[in-house]
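Heads up, this note's numbering is the position in the sequence shown plus 4, with the first residue counted as 1.
We put the beta carbon where it would ideally sit given N, CA and C, even for glycine.
Step one of this worksheet: look at the structure below.
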Amino acid sequence: MITEPVRIAIAGLSHGHVNWIMRDWQRKDLDVVGIWEPDRQLAEAYAGRFGYPIERIYPDLDVLLEQQRPEAVCAFGPIYEHLQVVEACAPRKIHVMVEKPLAVNLEHARRMAQLARQHGIHLITNYETTWYASTYAAYRMAVEEEMLGPIRRVVVNDGHFGPVEIGCGPAFLGWLTDPVMNGG
(Lines of atoms letter the chains of each structure in order from A and count residues from 1; the text may use other names and numbers.)
(Lines give C-alpha, C1' and ligand atoms only; values in the text may rest on other atoms or scores of the structure.)
Protein backbone atom coordinates (compact mmCIF):
# COMPACT_ATOMS: atom_id res chain seq x y z
CA MET A 1 0.00 0.00 0.00
CA ILE A 2 1.33 3.42 -0.97
CA THR A 3 1.64 5.66 2.06
CA GLU A 4 3.33 8.65 0.44
CA PRO A 5 2.18 10.17 -2.86
CA VAL A 6 4.47 9.73 -5.86
CA ARG A 7 6.17 13.02 -6.70
CA ILE A 8 5.76 13.59 -10.43
CA ALA A 9 6.42 16.40 -12.84
CA ILE A 10 4.77 16.95 -16.19
CA ALA A 11 6.92 17.80 -19.22
CA GLY A 12 4.74 19.62 -21.72
CA LEU A 13 1.04 20.36 -21.93
CA SER A 14 0.43 20.20 -25.68
CA HIS A 15 -0.45 16.49 -25.95
CA GLY A 16 -4.17 15.92 -25.51
CA HIS A 17 -3.62 12.99 -23.15
CA VAL A 18 -2.31 15.37 -20.46
CA ASN A 19 -5.92 16.06 -19.56
CA TRP A 20 -6.26 12.76 -17.68
CA ILE A 21 -3.62 13.79 -15.17
CA MET A 22 -4.57 17.46 -15.03
CA ARG A 23 -8.18 16.56 -14.18
CA ASP A 24 -6.89 14.63 -11.16
CA TRP A 25 -3.76 16.56 -10.19
CA GLN A 26 -4.94 16.71 -6.57
CA ARG A 27 -5.22 12.92 -6.17
CA LYS A 28 -3.96 11.53 -2.88
CA ASP A 29 -1.53 9.08 -4.53
CA LEU A 30 0.16 11.72 -6.72
CA ASP A 31 1.89 14.98 -5.99
CA VAL A 32 2.26 16.97 -9.21
CA VAL A 33 5.22 19.03 -8.02
CA GLY A 34 5.65 21.04 -11.20
CA ILE A 35 5.09 21.37 -14.91
CA TRP A 36 7.57 22.28 -17.63
CA GLU A 37 5.84 24.24 -20.38
CA PRO A 38 7.77 26.84 -22.40
CA ASP A 39 4.58 28.22 -24.00
CA ARG A 40 3.38 30.65 -21.32
CA GLN A 41 -0.02 31.15 -22.94
CA LEU A 42 -0.66 27.40 -22.95
CA ALA A 43 0.60 27.15 -19.35
CA GLU A 44 -1.77 29.89 -18.21
CA ALA A 45 -4.69 28.27 -20.04
CA TYR A 46 -4.11 24.93 -18.30
CA ALA A 47 -3.52 26.55 -14.91
CA GLY A 48 -6.81 28.42 -15.23
CA ARG A 49 -8.80 25.49 -16.59
CA PHE A 50 -7.67 23.00 -13.95
CA GLY A 51 -6.87 25.29 -11.01
CA TYR A 52 -3.19 24.36 -11.01
CA PRO A 53 -0.91 26.97 -9.36
CA ILE A 54 0.75 28.99 -12.14
CA GLU A 55 3.85 29.50 -9.98
CA ARG A 56 4.52 25.74 -10.23
CA ILE A 57 4.80 25.92 -14.03
CA TYR A 58 8.38 26.34 -15.22
CA PRO A 59 9.70 27.53 -18.61
CA ASP A 60 12.95 25.57 -18.00
CA LEU A 61 12.98 21.78 -17.50
CA ASP A 62 16.33 21.68 -15.70
CA VAL A 63 15.21 24.30 -13.16
CA LEU A 64 12.02 22.33 -12.49
CA LEU A 65 13.95 19.09 -11.96
CA GLU A 66 16.55 20.69 -9.69
CA GLN A 67 14.08 22.63 -7.57
CA GLN A 68 11.30 20.05 -7.25
CA ARG A 69 13.20 16.74 -7.50
CA PRO A 70 10.35 14.56 -8.79
CA GLU A 71 10.51 10.77 -8.70
CA ALA A 72 9.09 10.53 -12.21
CA VAL A 73 8.27 12.74 -15.18
CA CYS A 74 5.32 12.26 -17.52
CA ALA A 75 6.04 13.72 -20.97
CA PHE A 76 3.05 15.24 -22.77
CA GLY A 77 4.77 17.33 -25.41
CA PRO A 78 5.96 16.74 -28.97
CA ILE A 79 7.47 13.32 -29.61
CA TYR A 80 10.70 15.02 -30.70
CA GLU A 81 11.13 16.31 -27.13
CA HIS A 82 11.08 12.81 -25.59
CA LEU A 83 14.84 12.46 -26.00
CA GLN A 84 15.41 15.86 -24.37
CA VAL A 85 13.27 14.82 -21.41
CA VAL A 86 15.12 11.52 -20.97
CA GLU A 87 18.50 13.28 -21.31
CA ALA A 88 17.49 15.65 -18.51
CA CYS A 89 15.92 13.02 -16.25
CA ALA A 90 18.07 9.90 -16.57
CA PRO A 91 21.30 11.29 -15.02
CA ARG A 92 19.17 12.49 -12.09
CA LYS A 93 17.68 8.98 -11.65
CA ILE A 94 14.19 10.24 -12.50
CA HIS A 95 11.90 7.71 -14.18
CA VAL A 96 10.13 8.79 -17.39
CA MET A 97 6.80 8.02 -19.02
CA VAL A 98 6.35 9.22 -22.59
CA GLU A 99 3.30 9.14 -24.82
CA LYS A 100 3.29 6.87 -27.85
CA PRO A 101 5.31 6.58 -29.91
CA LEU A 102 8.51 6.30 -27.92
CA ALA A 103 10.65 8.28 -30.35
CA VAL A 104 10.67 10.03 -33.71
CA ASN A 105 13.30 7.65 -35.09
CA LEU A 106 15.53 4.69 -34.25
CA GLU A 107 18.48 6.91 -33.32
CA HIS A 108 16.44 8.71 -30.65
CA ALA A 109 14.99 5.42 -29.38
CA ARG A 110 18.41 3.81 -29.04
CA ARG A 111 19.82 6.83 -27.21
CA MET A 112 16.86 6.87 -24.83
CA ALA A 113 17.23 3.13 -24.13
CA GLN A 114 20.96 3.55 -23.55
CA LEU A 115 20.37 6.38 -21.07
CA ALA A 116 17.70 4.40 -19.23
CA ARG A 117 19.99 1.36 -18.88
CA GLN A 118 23.04 3.43 -17.97
CA HIS A 119 21.25 5.32 -15.20
CA GLY A 120 18.92 2.55 -14.01
CA ILE A 121 15.62 4.30 -14.66
CA HIS A 122 12.32 3.02 -15.94
CA LEU A 123 11.39 4.43 -19.35
CA ILE A 124 7.86 3.50 -20.33
CA THR A 125 5.55 4.37 -23.20
CA ASN A 126 1.91 5.09 -22.43
CA TYR A 127 -0.52 3.35 -24.72
CA GLU A 128 -3.72 5.04 -23.58
CA THR A 129 -6.04 2.22 -24.62
CA THR A 130 -4.32 -0.25 -22.29
CA TRP A 131 -5.96 1.35 -19.27
CA TYR A 132 -9.45 1.70 -20.71
CA ALA A 133 -12.10 -0.05 -18.63
CA SER A 134 -13.25 -1.87 -21.77
CA THR A 135 -9.75 -3.29 -22.32
CA TYR A 136 -9.64 -4.63 -18.77
CA ALA A 137 -13.15 -6.06 -19.10
CA ALA A 138 -12.16 -7.90 -22.28
CA TYR A 139 -9.03 -9.24 -20.57
CA ARG A 140 -11.02 -10.36 -17.54
CA MET A 141 -13.58 -12.20 -19.66
CA ALA A 142 -10.99 -13.81 -21.92
CA VAL A 143 -8.26 -14.68 -19.44
CA GLU A 144 -9.59 -14.70 -15.89
CA GLU A 145 -13.05 -16.09 -16.67
CA GLU A 146 -11.81 -18.20 -19.63
CA MET A 147 -14.94 -17.37 -21.62
CA LEU A 148 -13.17 -17.87 -24.95
CA GLY A 149 -11.09 -20.98 -24.26
CA PRO A 150 -7.30 -21.04 -24.58
CA ILE A 151 -5.88 -17.77 -25.93
CA ARG A 152 -3.36 -18.29 -28.71
CA ARG A 153 -3.16 -14.80 -30.16
CA VAL A 154 -4.69 -11.39 -29.62
CA VAL A 155 -4.93 -8.70 -32.28
CA VAL A 156 -6.39 -5.34 -31.29
CA ASN A 157 -7.27 -2.50 -33.62
CA ASP A 158 -8.04 0.82 -31.97
CA GLY A 159 -8.47 4.20 -33.53
CA HIS A 160 -10.61 7.23 -34.08
CA PHE A 161 -11.80 9.41 -36.94
CA GLY A 162 -8.76 11.71 -36.84
CA PRO A 163 -7.30 14.39 -34.56
CA VAL A 164 -9.19 17.29 -36.11
CA GLU A 165 -12.44 15.34 -36.21
CA ILE A 166 -12.29 14.41 -32.51
CA GLY A 167 -11.50 17.97 -31.42
CA CYS A 168 -7.75 18.07 -30.71
CA GLY A 169 -6.68 21.64 -29.98
CA PRO A 170 -4.24 23.82 -31.92
CA ALA A 171 -1.35 23.24 -29.47
CA PHE A 172 -1.58 19.50 -30.11
CA LEU A 173 -2.22 19.74 -33.85
CA GLY A 174 0.68 22.16 -34.25
CA TRP A 175 3.24 19.40 -33.75
CA LEU A 176 1.10 16.32 -34.37
CA THR A 177 1.01 17.08 -38.09
CA ASP A 178 4.69 18.12 -38.25
CA PRO A 179 6.88 15.25 -39.55
CA VAL A 180 9.93 16.52 -37.63
CA MET A 181 8.24 17.05 -34.26
CA ASN A 182 6.07 13.91 -34.44
CA GLY A 183 8.33 11.68 -36.54
CA GLY A 184 7.60 10.36 -39.96
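Item                                                                                                    : Value
Residue of Arg53, Ile98, Asp64, Val90 minimising C-alpha distance to proline 74                         : Ile98
Proximity below 8 Å, CB of glutamate 85 to CB of glycine 16                                             : yes
Inter-stretch contact (C-beta, 8 Å, three-pair minimum) for the stretch 139-158 and the stretch 116-124 : no
Beta-carbon proximity check, arginine 96 vs leucine 65, cutoff 8 Å                                      : no
Residue range of the alpha helix (DSSP H) that includes tryptophan 40                                   : Here tryptophan 40 belongs to no alpha helix (DSSP H); instead the beta strand (DSSP E) covers 34-40.
Start and end residues, alpha helix (DSSP H) containing arginine 114                                    : 110-123
DSSP state of arginine 11 mapped onto helix, strand, coil                                               : strand
Nearest neighbour of valine 22, chosen from Leu87, Glu103, Ala92 [CA to CA]                             : Glu103
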